[in-house]
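Going by UniProt numbering, the sequence shown wraps up at 252, each residue one higher than the last.
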Amino acid sequence: MGLTASMGLTASTTATTTAALHTALSSPSTTTAPSPFRFLFLAAGPLLLIAAVGLLLRRRSRLRDLAQPLAIPRAVFAAAHRADETGIRERAAEEVARLAGHARRDRAAPAATERARESCATADALLQQARGVPDLAGVFALVHEGCSALDGSKAPLPLCFFHPLHGPATRRIPWRPSDDDERCQVGACATCVRALRARREPDTLTDRQAGHPVPYFDVPPEHSLWSATGYGSLLTGTSLTTYVRRGLDPAR
Numbered sequence: 001m002g003l004t005a006s007m008g009l010t011a012s013t014t015a016t017t018t019a020a021l022h023t024a025l026s027s028p029s030t031t032t033a034p035s036p037f038r039f040l041f042l043a044a045g046p047l048l049l050i051a052a053v054g055l056l057l058r059r060r061s062r063l064r065d066l067a068q069p070l071a072i073p074r075a076v077f078a079a080a081h082r083a084d085e086t087g088i089r090e091r092a093a094e095e096v097a098r099l100a101g102h103a104r105r106d107r108a109a110p111a112a113t114e115r116a117r118e119s120c121a122t123a124d125a126l127l128q129q130a131r132g133v134p135d136l137a138g139v140f141a142l143v144h145e146g147c148s149a150l151d152g153s154k155a156p157l158p159l160c161f162f163h164p165l166h167g168p169a170t171r172r173i174p175w176r177p178s179d180d181d182e183r184c185q186v187g188a189c190a191t192c193v194r195a196l197r198a199r200r201e202p203d204t205l206t207d208r209q210a211g212h213p214v215p216y217f218d219v220p221p222e223h224s225l226w227s228a229t230g231y232g233s234l235l236t237g238t239s240l241t242t243y244v245r246r247g248l249d250p251a252r
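If you want it as structure tokens, here you go:
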């Protein structure tokens with residue numbers, strides 16, 4: 001075959017390669033174009049992820065709220081007891097808002113939920129009209145009553161009669177304001193119970209009468225909701241919420 005045969009084979013191979021290249025260049029491309037759904041998924045993916053994270057965070061927040069105890073934390077009472085009027089007002093507003101949240105989410109019986117909502121609404125109305133620490137203490141007492149309703153307590157103790165910002169009473173004790181008064185049963189916190197047993201005057205919430213500070217329960221009851229009710233200790237057959245609501249709106 002020699003050189004001529006080699007040259008022929010080379011020419012044939014070159015012609016074949018050239019034809020194949022021409023065919024490839026002249027034929028329509030068979031590569032599949034990117035699907036528009038792929039771009040849609042790539043664009044929507046981050047948004048879906050953000051939405052999922054948001055739902056998860058809201059669910060965790062709701063579960064955390066539901067896990068919080070209904071009762072006003074003792075730390076709140078302690079802080080309010082040390083605070084000035086502005087600080088007490090701020091904490092009272094926070095507790096009214098917290099009760100409102102529980103009343104919206106709680107799965108208590110409808111009657112209990114309604115009582116809690118009434119307590120919350122009355123506490124909020126009182127907060128707007130409060131003119132001093134005794135009124136603000138009344139806000140805490142109303143929130144406490146609303147929390148007790150949601151908690152399903154049969155006969156809940158009120159806040160401490162002597163100073164509501166001490167927190168909930170731990171027991172009822174016999175008490176007589178003076179020798180001329182009848183003995184009555186009032187709710188008292190553990191600190192006040194110990195003071196009375198030791199024949200010491202308990203720490204008492206004061207109000208003003210004739211320009212002077214006096215124990216709030218020394219104000220004539222016709223001039224003070226709190227002297228008349230003892231923040232719930234002196235009431236029988238009616239709730240503090242009902243009594244205060246009538247006091248705020250005499251037309252009821």
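For every residue, glycine included, the Cβ atom is placed at its ideal position computed from N, Cα and C.
- For the 8 Å CB-CB criterion, F217 and G232 do not form a contact.
- Short of 7 Å from the beta carbon of I88, and not among the five residues preceding or following it, lie these beta carbons of its own chain, in chain order: A80, V133, L136.
- As a beta-bridge residue in DSSP terms, Q209 pairs with H212.
- The criterion of a C-beta distance shorter than 8 Å is not satisfied by P158 and A130.
- For R117, the enclosing alpha helix (DSSP H) begins and ends at 110-129.
- Counting along the chain, no beta strand (DSSP E) covers V219, and no H or E run does either.
- Secondary structure of P177 (DSSP, three-state): coil.
- Taking the Cα positions, G146 is about 30 Å away from E201.
- Between the alpha carbons of L70 and P177 lies a gap of roughly 33 Å.
- For the pair of segments examined, the stretch 204-217 was found not to touch the stretch 117-125: the number of CB pairs separated by less than 8 Å stays below three.
- Under DSSP, G232 shares a beta bridge with no residue.
- In this structure, the alpha-carbon of L240 lies about 16 Å from that of H163.
- R197 counts as exposed, since fewer than 16 other C-beta atoms from the protein chains shown sit within 10 angstroms of its C-beta.
- Per DSSP, A93 lies in no beta strand (DSSP E); the unbroken alpha helix (DSSP H) holding it starts and ends at 85-105.
- A Cβ-Cβ separation of about 17 Å leaves V186 out of contact with R199 under the 8 Å criterion.
- C184: member of the beta strand (DSSP E) spanning 184-188, first to last residue.
- Taking all protein chains in view, the Cβ of R82 is surrounded by fewer than 16 other Cβ atoms within 10 Å, so the residue is classified as exposed.
- Between S224 and D203 the beta-carbon gap is near 19 Å, outside 8 Å, which marks them as no contact.
- Secondary structure of L225 (DSSP, three-state): helix.
- For G247, the uninterrupted alpha helix (DSSP H) segment begins and ends at 240-248.
- Secondary structure of P156 (DSSP, three-state): coil.
- Non-local beta-carbon contacts of G167 in its own chain, meaning distances under 7 Å to residues more than five positions away in sequence, involve R74, F77, L159, C160, C189 in chain order.
- Counted as a single uninterrupted DSSP element, the stretch harbouring E201 is not any alpha helix (DSSP H), since DSSP gives it neither H nor E.
- Under a 10 Å Cβ-count criterion, R104 is classified as exposed, with fewer than 16 other Cβ atoms of the shown protein chains found around its own Cβ.
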